[in-house]
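A.B. asks: Numbering-wise, the sequence shown is residues 7 to 86 according to my numbering. Heads up, the beta-carbon is just placed ideally off N, CA and C, and yes, glycines get one too. Structure in structure tokens, see below.
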Amino acid sequence: YDGYVVNSILDAAYRSAKSRQWEPVKLEDWRGKKGLTKESHLTEYDSDHYLVKEEVTHYGARKVILKNKKTGKIEEKVLQ
């Protein structure tokens, strides 16, 4: 996370310790993306899956981590 988010969390923690009750995190400026839907950041892999991550294993095979569009289940496939 960016430092400004961490600082806001720490400030809330110190305020909570002082007041002895939960204090809200006050984030003055949000620098992240706005208006995202749950899956809008994922890349389409095929008609049934989103691509979460693609990597190369230590033995040279290509591996993809997929999310099923209907169930939300995470699956791994090793491709040769």
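(1) What is the C-beta distance between L85 and V70, in whole angstroms, given that I count them as a contact (C-beta under 8 Å)?
(2) Sort Y65, T49, D8, G66 by Cα distance to K59 and report the nearest one.
(3) Using the rule of at least 16 other Cβ atoms within 10 Å of the residue's Cβ for burial, across every protein chain shown, is L72 buried or exposed?
(4) What is the rounded straight-line gap between the Cα of I80 and the Cα of R68?
(5) Measuring only the C-alpha atoms, how far is D17 from R37?
(6) Among G78, K39, D35, Y65, which residue has its Cα nearest to the Cα of H55?
C.D. replies: Judging by the given coordinates:
(1) 7 Å
(2) T49
(3) buried
(4) One C-alpha to the other measures close to 17 Å.
(5) 18 Å
(6) The residue with the shortest Cα to Cα distance from H55 is G78.
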